[in-house]
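S.K.: Below you will find the structure I want to go over with you.
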Amino acid sequence: MTLDLDLPRFRQLLERACEHVLSLYEGLEEKRVTHASPPRLVEDRFTGPLPTDGRAPEDVLARDLPFILEHSTLNISPRFFAYVMSGGSQVGILAELLCAALNVNHAKWHLASAAAEIERTSIRWLSEFIGYRADAGGALVSGGSEANLYCLRVARDAQAPGTREEGCRSERPLTLYASAETHSCVMKSVEMLGIGSRHLRKIPVDARFRVDVAKLEAQLVQDVEAGLRPFCVVGNAGTVNTGSVDDLDALADVAARHGLWFHVDGAYGAAAASVDLTRDLFQGLRRADSIALDPHKWLQVPFEAGCALVRDWSSLRNAFGYATPYLQAKSDSAERWDWMGHTFQLSRSFRALKVWMQFQVYGSRKLAAVIEENVRLMHALARDIDQSPDFERMAPAPLSIVCFRYAPAWLRARGEDAVDALNDRLLEESERRGTYFLTGTKLKGRTTLRACLVNHRATEAHTQGLLAHLRALGEELSG
Ligand SMILES: Cc1ncc(COP(=O)(O)O)c(C=O)c1O
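Under the numbering used here, the first residue of the sequence shown is numbered 1, with each subsequent residue one higher.
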């Protein structure tokens, strides 16, 4: 009853799959970034019943793969400026293939000792890359959201012993503090951990979109006086909206003064701590008790690859360690590293392979150079916008996100709602046409174009092309 094909046929299929991979790269510069099909077309294609007898894999590859590729946004394109999505890497494609082929589960050392050790090494390298501790603990997870959840879980258990057994107590609620610009996954984490969304204090930001540290501390003191139990300060090392980096040193001071855990969400930005141009922004990062970062963002590792870093391994063991007879093996010993004792997941894929191979092949210098180049390009874009009378910048651009809007004088004269309406149309129409893809946000209540670059394939031609495209489209849409 084996599912296997004979090896010559399997080889042929691998070759065909490779052709599909290569087809993505052929003519990449000219390809659409987005797909414009009406939703029904895609929905109809996939409404089929559960297949009972299956089809030849050659048929699936030939008939369905081109449609799937065509109906996937091409974030490997250097004209992709939406959200925070990297272009991935070719080495990552190889690693993913090998990972699936090997199909190891390294919950325990004796199941895949190479994978277990490679993940430990990857954690060390990631930590070193951003200038964090050489002896940091950590775990590779699905992405930034899960990394934040992990860190906050560890923080909760470290700061409020007994919560693991008793749950969160409603008579003296735990509270934590973060800027109003903090990513929504922190709120989701707080809800999942039973802390309650109202106990995440969202502190206002200053003109640079950085948390107002004085207001944060005032809220904290007020909460202590009211009998609440502050346990954690969350700093942003690159917010999703504007890329602003909080004053991490000042936040670390506040956390230290009040005996709180200091967590940093660096899912997007922490990688820029590796770069001379931006390193100074991250002073204080080393003082964090935990950091969320995302190799699948600026490090160009394919999805999914997030990383939760913690000051030391014992806090992970305290949060996730369990002893169960059905998971013991005769060969277990203190020298053999068991991941299951450090993470929520039991079965674990070998996602470390793609992180480890990324560093092995490209090296930290080249990966940092990609980040630096992205920052340079987006700083130059910000300057170009500042010199363009038809565009207006909406926020400082410390990293590789530029927030701006199309706002020539004649449009501004028609009022803010008219500016919003045209910029909404710009976003919609850009996506529909598919030459450049960027997404928007609201800043100070106004529609904002937000271009984010975390892509190693982009050059000045692409950032300048984006601005020229938006200018031409703006003129066209306004008649
Ligand atoms: C600052 C920040 N934190 C967390 C996340 C969530 O990461 P993920 O999408 O990998 O779950 C993002 C995503 O863009 C982010 O920018």
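Glycine included, every Cβ here is placed at the ideal spot set by N, Cα and C.
Note that this is a predicted model, so its numbers are computed, not measured.
Please report the residue range of the alpha helix (DSSP H) in which residue 188 lies.
M.R.: Numbered from its first residue, the sequence shown carries residue 188 at position 188. Residue 188 -> alpha helix (DSSP H) spans 184-192.
S.K.: Under DSSP, the beta strand (DSSP E) around residue 263 begins and ends at which residues?
M.R.: Reading the sequence shown from its first residue, position 263 is the one you call residue 263. Its beta strand (DSSP E) spans residues 261-266.
S.K.: Report the option in 314, 439, 426 and 408 whose CA atom is closest to the CA atom of residue 158.
M.R.: Taking the first residue of the sequence shown as position 1, residue 158 is located at position 158. It is 314.
S.K.: Using a threshold of 8 Å, state whether the C-beta atoms of residue 310 and residue 137 are closer than that.
M.R.: Residue mapping note: residue 310 aligns to position 310 of the sequence shown, counting from 1. Residue mapping note: residue 137 aligns to position 137 of the sequence shown, counting from 1. Going by C-beta atoms, residue 310 is nearer than 8 Å to residue 137.
S.K.: Cα separation between residue 413 and residue 462?
M.R.: Counting from one through the sequence shown, the residue named residue 413 turns up at place 413. Counting from one through the sequence shown, the residue named residue 462 turns up at place 462. Using only the alpha carbons, I get a separation of about 31 Å.
S.K.: Skipping 5 residues on each side, what residues in its chain have a beta carbon closer than 7 Å to that of residue 544?
M.R.: Beyond the ends of the chain as shown, which are 1 and 479, falls residue 544; an answer cannot be given.
S.K.: Could you tell me how far apart the beta carbons of residue 245 and residue 398 are, in whole angstroms, since I believe they sit closer than 8 Å?
M.R.: On the sequence shown, position 245 is the one that residue 245 refers to. On the sequence shown, position 398 is the one that residue 398 refers to. About 6 Å; that satisfies the 8 Å criterion.
S.K.: Mind checking residue 36: buried by the 16 CB within 10 Å criterion, or exposed?
M.R.: Position 36 of the sequence shown, counted from the start, is the residue given in the question as residue 36. It is exposed - the Cβ of residue 36 has fewer than 16 other Cβ atoms within 10 Å.
S.K.: Closest Cβ-Cβ distance between residue 313 and chain C: below 8 Å?
M.R.: You won't find chain C in this structure, because it holds only one protein chain.
S.K.: Residue 130 by DSSP, collapsed to three states: which one?
M.R.: The count along the sequence shown starts at 1 and reaches residue 130 at position 130. Three-state DSSP puts residue 130 in coil, outside helix and strand.
S.K.: Comparing C-alpha positions only, which one of 394, 431, 452 and 458 sits nearest to residue 207?
M.R.: Here residue 207 refers to the residue found at position 207 when the sequence shown is read from its first residue. Closest by alpha carbon: 394.
S.K.: Answer yes or no: do residue 438 and residue 82 have a C-beta to C-beta separation smaller than 8 Å?
M.R.: Counting from 1 along the sequence shown, the entry for residue 438 is found at position 438. Counting from 1 along the sequence shown, the entry for residue 82 is found at position 82. Yes, they are a contact pair.
S.K.: DSSP beta-bridge partners for residue 449?
M.R.: As a position in the sequence shown, residue 449 is number 449, starting the count at 1. Bridge partners of residue 449: 404 and 440.
S.K.: CB-CB under 6 Å to residue 477, same chain, minus the five flanking residues each way: which ones, in chain order?
M.R.: To locate residue 477, count along the sequence shown from 1; it is residue 477. These residues qualify, in order along the chain: 425.
S.K.: Is the separation between the beta-carbon of residue 220 and that of residue 199 shorter than 8 Å?
M.R.: Within the sequence shown, residue 220 is the residue found at index 220, counting from 1. Within the sequence shown, residue 199 is the residue found at index 199, counting from 1. It is not a contact, given that the beta carbons lie outside the stated cut-off.
S.K.: Straight-line CA distance for residue 337 to residue 256?
M.R.: As a working note, residue 337 is residue 337 in the sequence shown. As a working note, residue 256 is residue 256 in the sequence shown. The straight-line gap from Cα to Cα measures roughly 32 Å.
S.K.: Would residue 348 and residue 339 be called neighbours here (beta carbons separated by less than 8 Å)?
M.R.: As a first step, residue 348 is located in the sequence shown; it is residue number 348 there, counting from the start. As a first step, residue 339 is located in the sequence shown; it is residue number 339 there, counting from the start. Going by C-beta atoms, residue 348 is nearer than 8 Å to residue 339.
S.K.: Out of 359, 184, 239 and 323, which has the shortest C-alpha to C-alpha gap to residue 282?
M.R.: Mapped onto the sequence shown, residue 282 falls at position 282. It is 239.
S.K.: Could you please give me the residues that DSSP links to residue 392 through a beta bridge?
M.R.: Residue mapping note: residue 392 aligns to position 392 of the sequence shown, counting from 1. DSSP lists 405 as partners of residue 392.
S.K.: Can you look up residue 457 in the DSSP assignment and give me helix, strand or coil?
M.R.: Mapped onto the sequence shown, residue 457 falls at position 457. Three-state DSSP puts residue 457 in coil, outside helix and strand.
S.K.: Which residues mark the beginning and the end of the beta strand (DSSP E) in which residue 248 is found?
M.R.: Residue numbering aside, residue 248 sits at position 248 when the sequence shown is read from its first letter. No beta strand (DSSP E) contains residue 248, which is instead part of the alpha helix (DSSP H) from 248-258.
S.K.: Report the rounded CA-to-CA distance for residue 66 versus residue 164, giving the unit in angstroms.
M.R.: To locate residue 66, count along the sequence shown from 1; it is residue 66. To locate residue 164, count along the sequence shown from 1; it is residue 164. Cα to Cα, residue 66 sits roughly 49 Å from residue 164.
S.K.: Look at the Cβ atom of residue 144, then the Cβ atom of residue 302, and state whether they are nearer than 8 Å.
M.R.: Taking the first residue of the sequence shown as position 1, residue 144 is located at position 144. Taking the first residue of the sequence shown as position 1, residue 302 is located at position 302. Contact flag unset, no.
S.K.: Considering only the alpha carbon of each residue, which of 294, 451, 185 and 479 lies closest to residue 79?
M.R.: Your numbering for residue 79 matches position 79 in the sequence shown. Measuring from the Cα of residue 79, the nearest candidate turns out to be 451.
S.K.: Name, in chain order, the residues that DSSP records as bridge partners for residue 178.
M.R.: As a first step, residue 178 is located in the sequence shown; it is residue number 178 there, counting from the start. According to DSSP, which records beta bridges pairwise, residue 178 is partnered with 202.
S.K.: Quick check: does the Cβ of residue 265 come within less than 7 Å of any heavy atom belonging to ligand 1?
M.R.: Taking the sequence shown and counting its residues from 1, the one referred to as residue 265 is at position 265. The answer is yes for residue 265.
S.K.: Whole angstroms are fine: how far does the CA of residue 192 sit from the CA of residue 378?
M.R.: Mapped onto the sequence shown, residue 378 falls at position 378. Mapped onto the sequence shown, residue 192 falls at position 192. If you take the alpha carbons of residue 378 and residue 192, they lie about 36 Å apart.
S.K.: Secondary structure at residue 122, three-state DSSP: helix, strand or coil?
M.R.: Here residue 122 refers to the residue found at position 122 of the sequence shown. Residue 122: helix per DSSP, three-state reduction.
S.K.: With a threshold of 16 other CB atoms inside 10 Å of the CB of residue 343, please say whether the residue is buried or exposed.
M.R.: Here residue 343 refers to the residue found at position 343 of the sequence shown. Result: buried.
S.K.: Residue 218 and residue 130 look like a contact to me (Cβ under 8 Å); what is the Cβ gap, rounded to whole Å?
M.R.: Against the sequence shown, residue 218 aligns to sequence position 218. Against the sequence shown, residue 130 aligns to sequence position 130. With a Cβ gap of about 31 Å, residue 218 and residue 130 do not count as contacting.
S.K.: Have a look at the DSSP bridge pairing and note the partners of residue 138.
M.R.: Here the question's residue 138 lines up with position 138 in the sequence shown. For residue 138, which the question treats as bridged, DSSP gives the partners 309.
S.K.: Return yes when the Cβ of residue 179 is within less than 8 Å of the Cβ of residue 203, no when it is not.
M.R.: Locating residue 203 in the sequence shown gives position 203, counting from the first residue. Locating residue 179 in the sequence shown gives position 179, counting from the first residue. Yes, the pair counts as a contact, with Cβ atoms nearer than the cut-off.
S.K.: Round the Cβ separation of residue 252 and residue 284 to the nearest angstrom and send it over; I've been treating them as touching at under 8 Å.
M.R.: The residue labelled residue 252 in the question sits at position 252 within the sequence shown. The residue labelled residue 284 in the question sits at position 284 within the sequence shown. About 5 Å separates the two Cβ atoms, so the contact holds.
S.K.: Heavy atom of ligand 1 less than 7 Å from the Cβ of residue 185, yes or no?
M.R.: Here residue 185 is taken as the residue at index 185 of the sequence shown, counted from 1. Residue 185: yes, Cβ under 7 Å from ligand 1.
S.K.: Relative to the C-alpha of residue 42, which candidate in 55, 442, 28 and 72 has its C-alpha closest?
M.R.: Numbered from its first residue, the sequence shown carries residue 42 at position 42. For the residues 55, 442, 28 and 72, the minimum Cα distance to residue 42 belongs to 72.
S.K.: Can you check whether the CB of residue 371 is closer than 8 Å to the CB of residue 430?
M.R.: Position 430 of the sequence shown, counting from 1, holds the residue named residue 430. Position 371 of the sequence shown, counting from 1, holds the residue named residue 371. Going by C-beta atoms, residue 430 is not nearer than 8 Å to residue 371.
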